[in-house]
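A short write-up of the structure that comes next.
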Amino acid sequence: APHTPPRPILALPDQLISQIAAGEVVDRPAAVVKELLENALDAGATQVTIRLEEGGVKRIAITDNGRGIPPDQMPLALARHATSKIASLSDLENVGTLGFRGEALASIASVAQVTLTSRTADADHAWEISGNQDGQVTPSSGALGTTVDVRDLYYNTPARRKFLKSDQTEYGHCAEVVRRIALSRPDVAFSLSHNGKTVDHWNVSEIEKRSAMILGGEFATARLPLDENSGQLRLHGFVGLPTASKARADSQYFYVNGRFVRDKLLAHAVRAAYQDVLHGDRYPCYVLSLELDPALVDVNVHPSKIEVRFRDGRAVHQFIFHAVSRALAQTSATSFGATPA
Ligand code: ADP
Ligand code: MG
């Protein structure tokens, strides 16, 4: 059969590029919450307020008391591939901030109605910008820090909107993201509301108290503290006793350099350490933080940065396995009621 003539290759318009990227970066309201919270923490905030409406689909408004954005930079904050966090490849390889891709706000702004309001310490008042990077920056009011107000997620991408679950389900995912981040930063106060009602409020506290508030009092009375160093690696946090295990893997919090991750290698190392004290159908509870030289771990594996890749995965696996095993050995397996496997 004869070929149809080739279609011309066209450069995509910016808005469409962002909408395509948004498919990966902001696949649901919870992803918006994650990106905005990470920005707040990267800005040095000590207090963060999260207001959600209708599962975050109608509105996600996050206010922080961080360093703010100067008015002349506000359009750039909404521009693609514009970031204040890295400037070179060596910065990328040693990245210490949660963000660095410079695409979250641009992606969000391409699929929702965004207003950014911000005030820096040396400004007499706040400024705001709505829409995208082409919006006007106008005087506004507000305290030191930043508010990002995201309304009507996917209003212009109906196909994607159809993939959203019920408000309650979407809200549940948003709340889980808030818990993950709140657990990683007990030195920051968080407040979460849904449909005008305050759901959670966590004051600045020690990790002991923050984790008890988030994982429940039961975990607080049945956990072993852990803090181990080996060469370039440090693992600290808490592992739950087998008595505090659950039928679902919903209380497993693992952080790498402050970032919540879901990683097979890490989960396997912890699981293996529990092998002799926990039945195969039970899931341990834990809050663990691995700290290592940022150059030894690649966080730029996936746009959501939930996966990581270690330069020496074997060494990391062994270290975690041994550290968790030693913590669990503090008490003999039988004394906390585990049935031998
Ligand atoms: P990234 O976080 O990867 O840099 P974003 O699109 O999330 O990309 O944000 C773009 C830029 O906007 C950031 O680099 C930062 O300078 C600025 N910014 C975003 N949110 C905030 C905030 N809450 N406070 C201060 N600056 C912010
Ligand atoms: Mg960001």
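Numbering (full-length UniProt numbering), first residue to last: 3 to 343.
For each residue, glycine too, the CB sits at the ideal point set by N, CA and C.
Just so you know, the alpha carbons of residue 196 and residue 173 end up roughly 8 Å apart.
Approximately 4 Å separates the beta-carbon atoms of residue 24 and residue 109; this is inside 8 Å, confirming the contact. In the DSSP annotation of this structure, the continuous segment of the beta strand (DSSP E) that includes residue 254 starts and ends at 254-258. Looking at the backbone, the Cα of residue 182 and that of residue 126 are separated by about 35 Å.
Within the same chain, 60, 114 and 115 come within 7 Å of residue 154 by CB-CB distance, once the 5 residues on both sides are set aside. About 4 Å separates the CB atoms of residue 271 and residue 322; that is less than 8 Å, so the two are in contact. Ligand 1 approaches residue 102 closely enough that one of its heavy atoms is under 7 Å from the residue's Cβ. For residue 70 against residue 120, the beta-carbon gap comes to about 5 Å, under 8 Å, which counts as contact.
Residue environment for residue 64: buried (at least 16 other C-beta atoms within 10 angstroms of its C-beta). Taking the C-beta atoms as reference points, residue 265 is found no nearer than 8 Å to residue 301.
Residue 208 and residue 42 have their C-alpha atoms some 20 Å from each other. Nearest C-alpha to residue 137 among 158, 68, 83 and 112: 112. Residue 231 is classed as exposed because its beta carbon has fewer than 16 other beta carbons within 10 Å across all chains shown.
Ligand 2 has no heavy atom closer than 7 Å to the beta-carbon of residue 130. In this structure, the CA atom of residue 289 is about 39 Å from the CA atom of residue 133. For residue 318, the enclosing alpha helix (DSSP H) has its first and last residue at 315-330. Taking C-beta atoms as the reference points, residue 62 and residue 194 fail to come closer than 8 Å. Between the beta-carbon of residue 103 and that of residue 19 there is about 14 Å, and that puts the pair past the 8 Å contact cut. The secondary-structure analysis by DSSP pairs residue 222 with nothing; it has no beta-bridge partner.
As DSSP reads the structure, residue 153 sits in a beta bridge with 61 and 115. Nearest neighbour of residue 303 by Cα position, chosen from 287, 17, 21 and 94, turns out to be 94.
If you check the C-beta of residue 106 against ligand 2, you find a heavy atom less than 7 Å away. Between the stretch 8-16 and the stretch 147-167, the count of Cβ pairs shorter than 8 Å is below three; the stretches do not touch.
Runs of the beta strand (DSSP E) spanning 3 or more residues and lying entirely within the stretch 266-313 occur at 288-293, in chain order. For ligand 2, a non-hydrogen atom lies closer than 7 Å to the CB of residue 41.
Residue 191 and residue 240 have their alpha carbons spaced roughly 21 Å apart. Just measuring C-alpha positions, the residue of 202, 281, 235 and 261 sitting nearest residue 324 is 235. In this structure residue 330 is in contact with residue 275, their Cβ atoms being roughly 6 Å apart against a cut-off of 8 Å. DSSP, reduced to helix, strand and coil, places residue 209 within a helical segment of the structure shown.
In the structure shown, residue 25 falls within a helical segment according to DSSP collapsed to helix, strand and coil. The distance from the Cβ of residue 135 to that of residue 80 is about 4 Å, consistent with a contact at the 8 Å cut-off. Excluding residues up to 5 positions away in sequence, 100 and 101 lie with their Cβ nearer than 7 Å to the Cβ of residue 40 in the same chain.
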